[in-house]
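In my numbering, the protein residues as written are 14 to 171. Ideal Cβ placement from N, Cα and C applies to all residues, glycine included. All figures in this text were calculated on a predicted structure; none of them were measured in a lab. Okay, structure first, notes after.
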């Protein structure tokens, strides 16, 4: 860097209003913990960029080059439990599914498939398992909750 170089004063960049409060809270938290601090006597100030990771953590390096996880607490977002381990199934929601009796009508099958479909990302081959139940929803098909339907229902419940 040249000795005679001078910093260029620029306006603060506009921030999306939906994440503005989150960024303010995060910066306040970082200030309180002591990871970042105010610099008032320097001409050159490096920008702080807060990035929300997929795992729900903001990772920064401290002076000892150790990783510092900032958001480790568990949160429930849209029915899923988001933690430091990633997205998981919320136990209370699963308890509701496991306690359901066998469906007795097309409406109950549709309701169950909708509820179980919310967790399809956690069930491998969900569509193949749910096929006997899905066939019950077709028009002009008599409702007969037979053995393949019972097996599919029980497998989706577990």
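*Closer than 6 Å by C-beta to residue 111: which residues in its own chain qualify, once you throw out the five before and the five after it? Chain order, please.*
The residue given as residue 111 occupies position 98 in the chain shown. The answer, listed in chain order, is 170.
*Would you mind listing the alpha helix (DSSP H) stretches within the stretch 19-50 that are 4+ residues and don't spill past its ends, in chain order?*
30-46
*Under 7 Å Cβ to Cβ from residue 59, same chain only, skipping five residues before and after it: list those, please.*
Here residue 59 corresponds to residue number 46 of the chain shown, with the count starting at 1. Residue placement at residue 59 cannot be trusted, given a pLDDT of 49 that sits under 50; what the coordinates show is reported in the next sentence. Around residue 59: no qualifying Cβ.
*Do you know offhand how far residue 158's Cα is from residue 136's?*
Taking the first residue of the chain shown as 1, we reach residue 158 at position 145. Taking the first residue of the chain shown as 1, we reach residue 136 at position 123. If I take the Cα positions, the gap works out to 22 Å.
*If you follow the beta strand (DSSP E) that residue 101 is part of, which residue opens it and which one closes it?*
Locating residue 101 in the chain shown gives position 88, counting from the first residue. Looking at the DSSP string, the run of the beta strand (DSSP E) that includes residue 101 is 99-102.
*asked:* Closest to residue 122 by C-alpha separation, out of 166, 44, 26 and 51, would be which residue?
replied: Here residue 122 refers to the residue found at position 109 of the chain shown. Selected option, being the one with the closest Cα: 166.
*Apart from the five residues just before and just after residue 96, which ones in its own chain have a Cβ nearer than 6 Å to its Cβ?*
In the chain shown, the residue the question calls residue 96 occupies position 83. Excluding residues within five positions, the ones whose Cβ falls inside 6 Å are 87.
*Give the secondary structure of residue 9 by DSSP, where H, G and I count as helix, E and B as strand, and everything else as coil.*
Nothing about residue 9 can be read from this structure; the chain reaches only from 14 to 171.
*Which stretch, first to last residue, makes up the alpha helix (DSSP H) that contains residue 168?*
Your numbering for residue 168 matches position 155 in the chain shown. First-last of the alpha helix (DSSP H) with residue 168: 160-170.
*Who are the Cβ neighbours of residue 30 in its own chain at under 6 Å, not counting the five residues just before and after it?*
Counting from one through the chain shown, the residue named residue 30 turns up at place 17. Around residue 30: no qualifying Cβ.
_If you reduce the DSSP assignment to three classes, tell me which class residue 136 lands in._
Working through the chain shown from its first residue, we reach residue 136 at position 123. The answer is coil: DSSP assigns residue 136 none of H, G, I, E or B.
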